[in-house]
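This is the structure:
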């Protein structure tokens, strides 16, 4: 019996060491780019100018004698996939370059509200919608970056401003149509959860038919950043990712075009990361019982 | 003796489980922002226009009836902390939006060459300098993003174009002075190592007195990206970080302003991450010996 126990012990330990080593590898997290490409003609909110891209060099230059490409860009800070800094709507609040760096990254939460929208192009996401998500996936983690997937980006971004903004009159903000966050849901987030940013696959955090920008006016003064025109939310899992919303660092900016991306730990999101430890603990317990017999 | 062995076994297993749990926590990586703030008057390479920032709204707007800030920017793609896409100097090579996303992140390597520069403001970093670093810290890992710390950024960026560019004639590229990478070192990297990008705390990858842009012409056609005007390299460790060089996604761009940052795993960089596993293995071995006695 002593030899048998010893064998069990040795096997368990070797198994534990093996699993410990397996569990430690942090290779190959999956990267998801949540950013649209900036190009002439992309949708912009009616109060901002169109994005401009000017080719300066594209060929062999006389000055350098070598092939050279270079271009210049003109745009509002609120162009393409971008971040709204609190100062956008709140006097004295953080401007873009004052946002603490750690506020630009957090656990990713993707809330799919496509089924709720029905035929209301100005659907306002409600506190109930957020609570429904929590019932399925658990409480929104502290420091989270929330992404609301309305399906707008997937359906309409590539079709251009009229489709995406919901109006042919792309210079009249009062005619916009797209889903957004109901002010009551913004207030619920501010009052009940610790959220760093809320992202949208639409042109605005406020529903298209809002004329008061109430959701902006609730989130931003509370240092909840807003991300607009977020891309590819169909690739983002509901939980198990870390979002990085990385704006260019515009001094005194009210916002900035950003590279927004998520790192998905496939082992974490699939619940695999903790498995080796669990197996090890269970095996250890079995071994302790065997030894005690 | 049986009871004693059993006690040793139980303690070892509990110890192992505890260390396993400790070793698994992935909390609080340290974030280092390697990006300069974009503001009027920042240094730009003489062939590009000055950065422009125009305040459009800063106060209560008549249209919305609420406080609003918004601004517009004009710049070359090669402004501030930015990335050069291969197409910048190589016809048919990746433009900015064609760079595979995974090519924008990799193990961070910080090579401090400040002591080599002496009084040569156009010091070209040599293959020997890179090999000296490897002798101290080990082989440059595959997929690395190399950062060359010349000290130029720390000393001169905030002082403005004349100090940083090494000339009062900030519109004449032939008068530039700053250290860079010797073409032979660029060729050594391309031939001998698997590097995704090389970053500089200067205005250019080429030394200031270069008129042929040879280092650009070696790195870019080989899909080795270039990062220029990288900030705060004094905060980056030689090894143990992951760099993210995140450009805004300019369609057909030859480059783009970027948010460049490093995530330092303090446990990894201090060699602590693997310690729990090591302790567990050593303890297990001791236990096996004790059992076998």
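Protein chains in written order, with the UniProt record's numbering: chain D, 1 to 293; chain X, 1 to 293.
Don't be surprised by glycine CBs; every beta carbon is placed ideally from N, CA and C.
Exposed unless 16 or more other CB atoms sit within 10 angstroms - verdict on residue 218 (chain D): One-based indexing of the first chain puts residue 218 (chain D) at position 218. Buried is the label assigned to residue 218 (chain D), since at least 16 other Cβ atoms lie within 10 Å of its Cβ.
My understanding is that residue 188 (chain D) touches residue 127 (chain D), with C-beta atoms under 8 Å, so please give their C-beta distance in whole angstroms. The count along the first chain starts at 1 and reaches residue 188 (chain D) at position 188. The count along the first chain starts at 1 and reaches residue 127 (chain D) at position 127. The C-beta distance from residue 188 (chain D) to residue 127 (chain D) rounds to 4 Å, short enough to fall under 8 Å.
Please report the Cβ distance between residue 202 (chain X) and residue 152 (chain X), rounded to the nearest whole angstrom; I am assuming they are in contact, meaning their Cβ atoms lie under 8 Å. Here residue 202 (chain X) refers to the residue found at position 202 when the second chain is read from its first residue. Here residue 152 (chain X) refers to the residue found at position 152 when the second chain is read from its first residue. About 5 Å; that satisfies the 8 Å criterion.
Taking only beta-carbon positions, decide if residue 248 (chain D) is within less than 8 Å of chain X. Residue 248 (chain D) sits at position 248 when you count from the first residue of the first chain. Using beta-carbon distances, residue 248 (chain D) counts as an interface residue toward chain X, with a partner under 8 Å.
Classification of residue 113 (chain X) by the beta-carbon crowding that lies within 10 angstroms, buried from 16 upward: Position 113 of the second chain holds residue 113 (chain X). When all chains shown are included, residue 113 (chain X) counts as buried.
Give the residues from the segment 195-215 of chain D that approach chain X closer than 7 Å (Cβ to any Cβ), ordered along the chain. Under the 7 Å Cβ criterion, the segment 195-215 of chain D contributes 213.
Which residue marks the beginning of the beta strand (DSSP E) containing residue 198 (chain X), and which one marks its end? Here residue 198 (chain X) is taken as the residue at index 198 of the second chain, counted from 1. Note, residue 198 (chain X): beta strand (DSSP E), 195-200.
Hey, does residue 88 (chain X) have any beta-carbon neighbour from chain D nearer than 8 Å? For the purposes of this step, residue 88 (chain X) is taken as residue 88 along the second chain, with counting starting at 1. Yes, residue 88 (chain X) lies at the interface with chain D (some Cβ there is under 8 Å from its Cβ).
From residue 233 (chain X) to residue 147 (chain X), what does the alpha carbon distance come to, in whole angstroms? Position 233 of the second chain, counting from 1, holds the residue named residue 233 (chain X). Position 147 of the second chain, counting from 1, holds the residue named residue 147 (chain X). Straight-line Cα distance between these residues: approximately 8 Å.
Checking 8 Å against the spacing of the C-beta atoms, do residue 97 (chain D) and residue 196 (chain D) come in under that value? The residue you call residue 97 (chain D) lines up with position 97 of the first chain. The residue you call residue 196 (chain D) lines up with position 196 of the first chain. In this structure, residue 97 (chain D) sits away from residue 196 (chain D), with a CB-CB distance that is not shorter than 8 Å.
Using a beta-carbon distance below 8 Å, is residue 66 (chain D) in contact with chain X? For the purposes of this step, residue 66 (chain D) is taken as residue 66 along the first chain, with counting starting at 1. Interface residue, yes.
Using 8 Å as the Cβ pair cut-off and three pairs as the minimum, do the segment 249-262 of chain D and the segment 88-97 of chain D touch? With the cut-off at 8 Å, the segment 249-262 of chain D and the segment 88-97 of chain D touch.
When the cut-off is 8 Å and only beta carbons count, does residue 259 (chain D) lie next to chain X? Residue numbering aside, residue 259 (chain D) sits at position 259 when the first chain is read from its first letter. Residue-level contact check: residue 259 (chain D) touches chain X, since one or more beta carbons of chain X fall below 8 Å from its beta carbon.
Report yes if the C-beta of residue 75 (chain D) is less than 7 Å from at least one heavy atom of the ligand ATP; otherwise report no. The model depicted lacks the ligand ATP and carries no ligand whatsoever.
Closest to residue 137 (chain D) by CA distance: which of D:170, D:109, D:117 and D:155 is it? Here residue 137 (chain D) refers to the residue found at position 137 of the first chain. Nearest option by C-alpha distance: D:109.
contact_flag[the segment 221-235 of chain D, the segment 31-46 of chain D] where n(CB pairs < 8 Å) is 3 or more: Taking 8 Å as the limit for Cβ pairs, the verdict is that the segment 31-46 of chain D does touch the segment 221-235 of chain D.
What is the rounded straight-line gap between the Cα of residue 207 (chain D) and the Cα of residue 118 (chain D)? Position 207 of the first chain holds residue 207 (chain D). Position 118 of the first chain holds residue 118 (chain D). Here the C-alpha atom of residue 207 (chain D) lies approximately 14 Å from the C-alpha atom of residue 118 (chain D).
Residue 110 (chain D): contacting residues in chain X (beta-carbon distance under 8 Å): Position 110 of the first chain holds residue 110 (chain D). Per Cβ cutoff of 8 Å: no residues; residue 110 (chain D) is ~18 Å from chain X at best.
How would you label residue 199 (chain D), buried or exposed, when you count the other beta carbons within 10 angstroms and need 16 or more for buried? On the first chain, position 199 is the one that residue 199 (chain D) refers to. That one is buried.
Please go through the segment 118-164 of chain D and give each complete beta strand (DSSP E) segment of 3 or more residues, from N-terminal end onward. Correct list: 144-149.
Pull up the distance between the alpha-carbon of residue 241 (chain X) and that of residue 264 (chain X), whole angstroms please. As a working note, residue 241 (chain X) is residue 241 in the second chain. As a working note, residue 264 (chain X) is residue 264 in the second chain. Computed Cα separation, rounded: 4 Å.
DSSP-derived helix/strand/coil call for residue 25 (chain D): Translated into the one-based positions of the first chain, residue 25 (chain D) becomes position 25. With a pLDDT of only 44 at residue 25 (chain D), under the threshold of 50, the placement of this residue in the model should not be trusted, and no figure is reported.
With residue 190 (chain X) as the anchor, note down where its alpha helix (DSSP H) starts and where it stops. The sequence position of residue 190 (chain X) within the second chain is 190, counting from 1. Counting along the chain, the alpha helix (DSSP H) containing residue 190 (chain X) begins and ends at 183-192.
Look at the alpha carbon of residue 44 (chain X) and the alpha carbon of residue 176 (chain X), and state the distance between them as a whole number of angstroms. Taking the second chain and counting its residues from 1, the one referred to as residue 44 (chain X) is at position 44. Taking the second chain and counting its residues from 1, the one referred to as residue 176 (chain X) is at position 176. So the two alpha carbons sit approximately 11 Å from each other.
Less than 8 Å between CB atoms is the rule here; does residue 217 (chain X) satisfy it with respect to chain D? The residue given as residue 217 (chain X) occupies position 217 in the second chain. Chain D contact via Cβ: present.
Run through the DSSP bridge pairs and tell me what residue 72 (chain X) is partnered with. Position 72 of the second chain, counted from the first residue, corresponds to residue 72 (chain X). Paired residues: D:76 and X:54.
Contact set between residue 295 (chain X) and chain D, taken where Cβ atoms lie within less than 9 Å: No information on residue 295 (chain X) is available, as it lies outside the stretch 1 to 293 that chain X covers here.
Would you tell me roughly how many angstroms separate the C-alpha atoms of residue 90 (chain D) and residue 162 (chain X), rounded to the nearest one? Counted from its first residue, the first chain places residue 90 (chain D) at position 90. Counted from its first residue, the second chain places residue 162 (chain X) at position 162. Per the coordinates, the alpha-carbon of residue 90 (chain D) lies some 37 Å from the alpha-carbon of residue 162 (chain X).
Do you know offhand how far residue 178 (chain X)'s Cα is from residue 135 (chain D)'s? Within the second chain, numbered from 1, the residue matching residue 178 (chain X) stands at position 178. Within the first chain, numbered from 1, the residue matching residue 135 (chain D) stands at position 135. Taking the CA atoms as reference points, residue 178 (chain X) sits about 58 Å from residue 135 (chain D).
Let me confirm a value: residue 183 (chain D) is counted as buried when at least 16 other C-beta atoms fall within 10 Å, else exposed. Which label applies? Within the first chain, the letter at position 183 stands for residue 183 (chain D). Residue 183 (chain D) comes out buried.
Contact criterion: CB-CB distance below 8 Å. Does residue 36 (chain D) meet it with respect to chain X? One-based indexing of the first chain puts residue 36 (chain D) at position 36. Closer than 8 Å to some Cβ of chain X, the Cβ of residue 36 (chain D) qualifies, so yes.
Among all the DSSP beta bridges, which residues are the ones paired with residue 212 (chain X)? As a first step, residue 212 (chain X) must be located in the second chain, where it is residue number 212. None; residue 212 (chain X) has no bridge partner.
Taking 8 Å as the CB-CB limit, is residue 33 (chain X) close to chain D? Start at 1 with the first residue of the second chain, and residue 33 (chain X) comes out as number 33. It does: the Cβ of residue 33 (chain X) has a partner Cβ on chain D nearer than 8 Å.
Can residue 174 (chain X) and residue 211 (chain X) be called in contact, C-beta distance under 8 Å? The residue labelled residue 174 (chain X) in the question sits at position 174 within the second chain. The residue labelled residue 211 (chain X) in the question sits at position 211 within the second chain. Yes, they are a contact pair.
Counting only runs of 3+ residues fully inside the segment 77-117 of chain D, write out the beta strand (DSSP E) ranges in chain order. Correct list: 82-84 and 105-112.
Compile a chain-ordered list of the residues in the segment 133-164 of chain X whose CB is closer than 9 Å to at least one CB of chain D. Result list empty, no residue passes.
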